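Enquirer:
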Amino acid sequence: MAANTQIIIIEREENSRNIIKNYLSEVEDVTVKNIQIKEFFNYEPALENIPTTEKCIIFLDTSDEIEKSIEFIKTIKKHNKEAFIIALSNKTSTETIIKVMRAGAKEFLTKPIIKTEFNDVIKNVFKEIENTEPVESCKIISTFSNKGGIGKTSIAVNLAVELAQMSKEKVALIDLNLQLGDVATFLDMTPAFAMDYIAKNIQNLDESELLKSLSRYKNTSLYVIADPLNIDKSQEITAEEIKNILTALKKTFSYIVIDIGTNIDSKTITALDLSDLILLIAIVNLPAIRSTQRCMELFDRLGYKDEKIKLVLNRYMENEEIKTSDIEEVVKQKVYWKIPNNYLTMMSAINKGVPVNAINAESNIGINYKEFASKLSDYLITQTLNKNYNNKNTINI
């Protein structure tokens, strides 16, 4: 850790401040490098003492007035993007933890603070600070099915739009249906550059050039990589180039949503391997369920863990002849999400080249997509937290 790194404690309770200082006094990086520790009782004077450029560690009590705490976390991140915020709270509900993590906190500690958990968290933070390379927090979400015509592209497009609007962070939407992709059509976009250009030039593009090469969707934080304009060009794209693209995008984007084609080839496997979540899309009829079963068998052979796979039922109706429990029994996977069948709204969106929320955000399917994006985001946050805590105090979504 750099010698000029500061540690700032913002905590009303004197006992809690003393515990943190006591634990820090036993941390070698702090004592050897004589790192300055500042402490404050409330938010306003603390903000004046937070550096604007240097990396710093901030212990922030969020126990009272959670909404005010969330706004202060956002203010800190605007003031200094390099700040590592460790939220403290005696409220440990999943909702509270997710709120502070969404706002910009890197870690979360439950009060009263347990020494072993404190050491685990501070170790993670020091590791990030000492790492000269940027730490990638990007998550890759892929929509997949080996059967066409079940709405996989619609789900990828609307999910990406909702993630961008919800998070206000950069989201990349990739059309990996390289021969017959529809992502650009669904958003009424005519990209200047497509997948074939990106694939051949990705290693020569810096962040600014990369963003210029991607197609930005209107005035949002969503960027699109469309399928090649020339079908013949799709054959030239390799699995290694797909890997290079995803590796590069992870340095710039918070989320990558991939609409994967139905073909099972090396490019598909590469994208699936690198995905944090695979949304396995199905509809409620026997041929689709059988195809879904085959996909699950493939994932099993590829060694994917169950938590990586999320089964999503599209065009779902409550009076389906085949019950959800029957599908789960055949596929051997719990249904994670159901997207309602709203033909009129969905077709209107597709024909106009806009997302569902542009047609009717308050429709059942518009609300469903918003809630779906929120649930996936929350799930990925909790997965990161659980990993950082070495599966202690596991949080479930």
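Heads up: the sequence shown at position 198 corresponds to 182 in the working numbering, and the numbers run straight through without jumps.
No residue lacks a Cβ here, since even glycine has one placed at the ideal position from N, Cα and C.
A quick note: this is a predicted structure, and the numbers were derived from the prediction, not measured.
Considering only the beta carbon of each residue, do E(-5) and L93 sit closer than 8 Å?
Expert: Counting from 1 along the sequence shown, the entry for residue -5 is found at position 11. Counting from 1 along the sequence shown, the entry for residue 93 is found at position 109. Going by C-beta atoms, E(-5) is not nearer than 8 Å to L93.
Enquirer: Please look up how many angstroms separate the CB atoms of K90 and I69, rounded, as I've assumed it's under 8 Å.
Expert: The residue you call residue 90 lines up with position 106 of the sequence shown. The residue you call residue 69 lines up with position 85 of the sequence shown. 6 Å between Cβ atoms; contact.
Enquirer: At the level of alpha carbons, what is the spacing between V14 and L8?
Expert: Here residue 14 refers to the residue found at position 30 when the sequence shown is read from its first residue. Here residue 8 refers to the residue found at position 24 when the sequence shown is read from its first residue. Rounded to the nearest angstrom, the gap between the Cα atoms of V14 and L8 is 7 Å.
Enquirer: Smallest Cα separation from L396: which of P212, Q187, N103 and T78?
Expert: The shown model of the chain, from -15 to 381, leaves out residue 396, and the question about it has no answer.
Enquirer: From N375 to E12, what distance separates their C-alpha atoms?
Expert: By one-based count along the sequence shown, residue 375 stands at place 391. By one-based count along the sequence shown, residue 12 stands at place 28. Because N375 sits at a pLDDT of 44, beneath the cut-off of 50, its placement in the model cannot be relied upon, and the following sentence gives the value as read from the coordinates. Cα to Cα, the separation comes out at about 25 Å.
Enquirer: Use the C-beta contact count for I306: other C-beta atoms within 10 angstroms, 16 or more gives buried, fewer gives exposed.
Expert: Walking along the sequence shown from the start, residue 306 turns up at place 322. Classification for I306: exposed.
Enquirer: For C201, which of helix, strand or coil comes out of DSSP?
Expert: Here residue 201 is taken as the residue at index 217 of the sequence shown, counted from 1. In the sequence as displayed, the identity of residue 201 is Tyr instead of Cys. Three-state result, Y201: coil.
Enquirer: Helix, strand or coil for L286 per DSSP?
Expert: Reading the sequence shown from its first residue, position 302 is the one you call residue 286. Reduced to three states, the DSSP call for L286 is coil.
Enquirer: According to DSSP, which residues form a beta bridge with C40?
Expert: Start at 1 with the first residue of the sequence shown, and residue 40 comes out as number 56. For C40, which the question treats as bridged, DSSP gives the partners Q(-10) and A67.
Enquirer: Please say whether I221 and D180 have beta carbons closer to each other than 8 Å?
Expert: Reading the sequence shown from its first residue, position 196 is the one you call residue 180. Reading the sequence shown from its first residue, position 237 is the one you call residue 221. Closer than 8 Å, so yes.
Enquirer: For the 8 Å Cβ check, are there 3 or more pairs between the region 235 to 254 and the region 159 to 178?
Expert: Counting Cβ pairs under 8 Å, three or more are found: they touch.
Enquirer: Three or more C-beta pairs under 8 Å: does that hold for the region 95 to 104 against the region -9 to 6?
Expert: yes
Enquirer: So V315 and I253 are supposed to be a Cβ contact under 8 Å. How far apart are they, rounded?
Expert: The residue labelled residue 315 in the question sits at position 331 within the sequence shown. The residue labelled residue 253 in the question sits at position 269 within the sequence shown. Wrong, their Cβ atoms sit about 20 Å apart, outside the cutoff.
Enquirer: Does DSSP put S361 in a helix, a strand or coil?
Expert: As a first step, residue 361 must be located in the sequence shown, where it is residue number 377. Residue state, collapsed to three classes: helix.
Enquirer: For V208, which residues in the same chain have their Cβ closer than 7 Å to its Cβ, ignoring the five residues on either side in sequence?
Expert: As a first step, residue 208 is located in the sequence shown; it is residue number 224 there, counting from the start. Answer for V208: L157, V167, A168, L171, M173, P175, L198, S199 and Y201, listed in chain order.
Enquirer: Which residue from T127, N33 and I106 puts its Cα closest to that of N298?
Expert: Working through the sequence shown from its first residue, we reach residue 298 at position 314. Each of T127, N33 and I106 was checked against the Cα of N298, and the nearest Cα belongs to T127.
Enquirer: Could you give the first and the last residue of the continuous alpha helix (DSSP H) run that contains V315?
Expert: Residue mapping note: residue 315 aligns to position 331 of the sequence shown, counting from 1. Start and end: T308 to V315.
Enquirer: Since I82 is in the alpha helix (DSSP H), which residue starts that stretch and which ends it?
Expert: Within the sequence shown, numbered from 1, the residue matching residue 82 stands at position 98. I82 -> alpha helix (DSSP H) spans T78 to A87.
Enquirer: If I measure Cβ to Cβ from G287 and keep anything under 8 Å in the same chain, skipping five residues before and after, which residues do I get?
Expert: Your numbering for residue 287 matches position 303 in the sequence shown. Same-chain partners within the cutoff: there are none.
Enquirer: In whole angstroms, give me the CA-to-CA distance for T368 and I106.
Expert: Here residue 368 refers to the residue found at position 384 when the sequence shown is read from its first residue. Here residue 106 refers to the residue found at position 122 when the sequence shown is read from its first residue. The straight-line gap from Cα to Cα measures roughly 16 Å.
Enquirer: Return yes when the Cβ of P324 is within less than 8 Å of the Cβ of N142, no when it is not.
Expert: What you label residue 142 is simply residue 158 of the sequence shown in a count that begins at 1. What you label residue 324 is simply residue 340 of the sequence shown in a count that begins at 1. Cβ atoms of N142 and P324: not closer than 8 Å.
Enquirer: Nearest-angstrom Cα distance between S192 and T236?
Expert: Walking along the sequence shown from the start, residue 192 turns up at place 208. Walking along the sequence shown from the start, residue 236 turns up at place 252. Roughly 10 Å separates the two Cα atoms.
Enquirer: I'd like the list of long-range same chain contacts for I124, defined as Cβ closer than 7 Å, with 5 residues on each side in sequence excluded.
Expert: For the purposes of this step, residue 124 is taken as the residue at position 140 of the sequence shown. Once the five neighbours on either side are set aside, the close Cβ partners of I124 are L230, I240, I242, L258, S259 and D260.
Enquirer: Using 10 angstroms around the beta-carbon of Q187, count the other beta-carbons present and answer buried if the total reaches 16, otherwise exposed.
Expert: Taking the first residue of the sequence shown as position 1, residue 187 is located at position 203. By the neighbour-count rule (16 or more Cβ atoms within 10 Å), Q187 is not buried but exposed.
Enquirer: Identify whether N377 lies in helix, strand or coil by the three-state DSSP scheme.
Expert: Numbered from its first residue, the sequence shown carries residue 377 at position 393. Unreliable positioning characterises N377 in this predicted model, as indicated by a pLDDT of 49, which lies under 50. The coordinate reading is nonetheless provided below. In the structure shown, N377 sits in coil (DSSP, three-state: anything other than H, G, I, E or B).
Enquirer: Do the CB positions of S332 and I343 come within less than 8 Å of each other?
Expert: Within the sequence shown, numbered from 1, the residue matching residue 332 stands at position 348. Within the sequence shown, numbered from 1, the residue matching residue 343 stands at position 359. Contact: yes.
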